[in-house]
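Residue numbers (this note's numbering): 13 to 501.
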């Protein structure tokens, strides 16, 4: 492909060379450069791609995309752009033939609820015959192909590559999680979203390598609503107006508020041994009852979101009801049957807001004891550890402090930080550094009426220690513990 064709939707200045040079491949990673490549010099938070231009040329690059002047041999074509990340996104669209323009793309942003909602929407739409792709925190789904995820929102090149595969596979609709990082880093630029969804916002992802402050975080979330045809948002969320400020799309709302276009009414918590769920009535633009086998008020929000989307695709009410009753998402309040006496579940809650929301929800079911097992990731903010310790100490009847992904840190040092937060409460706790041993402990010591939550890992099937990812799936650990208990009888 000619460089001029590749960059046809990018404003650029030809610094030197021939803009019609043939390009075999393009990348922002100098290690991926092959003969005939175009190399994009992206200025990152840790490294500057301009420093690798020489290495890229040695590897065979024939063209460079730069943000500032650099000295390179005269036989190399150089184009200058204002933002190389934007150029990467638009060039990715061109390279794969603008596949998003052949799809209906639904993007979901917010601090919580993105993953569960994507699966709810996908289930509903597939039930009436649509072919639906998915890109999210857990995986990318393209027909029968499932690709484990490394980022909530992949790099723009990868997104467009997936879109191309989806179009070629006959997929019509894509449901994708859109993170604030993905929006900030322009990974979704060039995508004509049919529908953008806003779930909620809390102070997360703020730090030197993420967002500089809460206003920046909120601003980045709002970018989706300058890039979609229809926006659908949670009117109950206190940051709704801030996120939607300056939106350029049509706007609809959902929530419990009387002002919502679709609202929930008469919510009721459902409970029996080993099972927690919720029911409510949809009112407003649609009117019908809903029952979901996932507990809590946030399950109502997630399902309302899915209903708000799927009504635009003419999904019959009975299909919505059936799909919501059936939906299960790995690691999102995933109930695992271990006993007729108590309930055990796995959830990805890995920050204070998510953990507080989860534990508050579970307390609504009035368990005999609420037992919370969790740890915190290494090489991350210590503040998160203090906050999560305080939340669990305040809300759980028993906290079991253990390891998550310690990464390069000493697991015991992380536990000690969590205990600082615990010390601000009167909460009872035990510490068991080995997560396998901790899980065995809570199962062995489960009491009638308990609700036990294994928080933090969710869908993850590994534990990262000193740069190495070791196999560790909590479902396998639970199965091993049950076999052990059975053998001891």
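A virtual CB, placed ideally from N, CA and C, is assigned to each residue, including glycine. In this text the structure is predicted, and so the values were computed from the model without any measurement.
Using a Cβ distance threshold of 8 Å, residue 285 and residue 293 do not count as a contacting pair. As DSSP reads the structure, residue 289 sits in a beta bridge with 282. If you look at residue 403, you'll find it in the alpha helix (DSSP H) that goes 394-407. The beta strand (DSSP E) runs of length 3 or more contained entirely in the segment 359-391 are, from start to end of the chain, 382-386. Distance from the Cα of residue 273 is smallest, within the candidate group 253, 297 and 280, for 297. Beta bridge pairing from DSSP links residue 275 with 267 and 295. By the Cβ-count criterion, residue 488 is exposed, with fewer than 16 other Cβ atoms from all chains shown falling within 10 Å of its own Cβ. In this structure residue 187 does not touch residue 244 by the C-beta definition: roughly 13 Å separates them, more than the 8 Å allowed.
Setting aside the 5 residues that flank it on each side, residue 466 is surrounded in the same chain by 358, 385 and 486, each with a C-beta closer than 6 Å to its C-beta; the list follows chain order.
Its Cα nearest to that of residue 354, the residue 459 stands out among 459, 231, 371 and 431. For residue 196, the uninterrupted alpha helix (DSSP H) run begins and ends at 192-196, by DSSP. Looking at the DSSP output, residue 475 shares a beta bridge with 482. Contact annotation, residue 47 with residue 29: C-beta distance approximately 16 Å; criterion of less than 8 Å not satisfied. Considered as a whole, the segment 67-99 harbours 75-78 and 89-92 as its complete beta strand (DSSP E) runs of no fewer than 3 residues, in chain order. In this structure, residue 54 and residue 116 do not form a Cβ contact; the two beta carbons are roughly 30 Å apart against a cut-off of 8 Å.
Only residues of its own chain outside the window of five on either side were considered, and among them 115, 143, 144, 145, 154 and 155 have a CB closer than 8 Å to the CB of residue 183, listed in chain order.
When 404, 430, 382 and 330 are compared, the shortest CA-CA separation from residue 365 is found for 404. Going by DSSP, residue 318 is part of the alpha helix (DSSP H) stretching over 309-322. Here the alpha carbons of residue 342 and residue 453 stand approximately 23 Å from one another.
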